[in-house]
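Participant: Below is the structure I would like to discuss, written out as structure tokens.
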Amino acid sequence: MLIKNAIVLIDEINLQWSDGGELSAAIVEAGVSRLRPVGMAASTTALGMIPLLLDPFFSAMAVTIIFGLLFATMLTMLVVPVLFAMLLHRDSS
């Protein structure tokens, strides 16, 4: 799921950038437009794990998946655009 989110974000950055805009504006616009769909996909998966929290056998796994997914989604929305800008800035030099 996280790799799909990163691919969707990069694709949206490329679409915004190919429309003739500036790279930094394209990154911001793509981040804003993809934040809700990526957040909703991660939150529905995390909410789907809540029933497993009551099971003593699966509770540790559920906690790990919930917090790992939420943390990794935040990282994806922050780190992927920064790395994308850094790599493209280096290539254009």
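Using my numbering, count along the sequence shown one by one with no gaps and you end on 84.
Beta carbons: idealized from backbone N, C-alpha and C, even for Gly.
In this text the structure is predicted, and so the values were computed from the model without any measurement.
#1: What is the residue span of the alpha helix (DSSP H) that residue -2 lies within?
#2: Assign residue 12 to one of three DSSP states: helix, strand, or coil.
#3: Can you find at least 3 beta carbon pairs, one from the segment 11 to 19 and one from the segment 30 to 47, that sit closer than 8 Å?
#4: Quick one: Cα of residue 5 to Cα of residue 77, how far?
#5: Can you tell me the Cβ-Cβ gap for residue 34 and residue 43, rounded? I've got them flagged as a contact below 8 Å.
#6: Quick one, which of 48, 52, 46, 31 has its alpha-carbon nearest residue 65's?
#7: So what does DSSP say about residue 77, is it helix, strand or coil?
#8: Under 8 Å, do residue 1 and residue 71 count as touching if we go by C-beta distance?
#9: Can you say whether residue -2 is buried or exposed, counting buried as having 16 or more other CB atoms within 10 angstroms of its CB?
Facilitator: According to the structure data:
#1: -7 to 9
#2: coil
#3: no
#4: 15 Å
#5: Actually they are not in contact, since the Cβ atoms of residue 34 and residue 43 sit about 16 Å apart, beyond 8 Å.
#6: 31
#7: For residue 77, the three-state secondary structure derived from DSSP is helix.
#8: yes
#9: exposed
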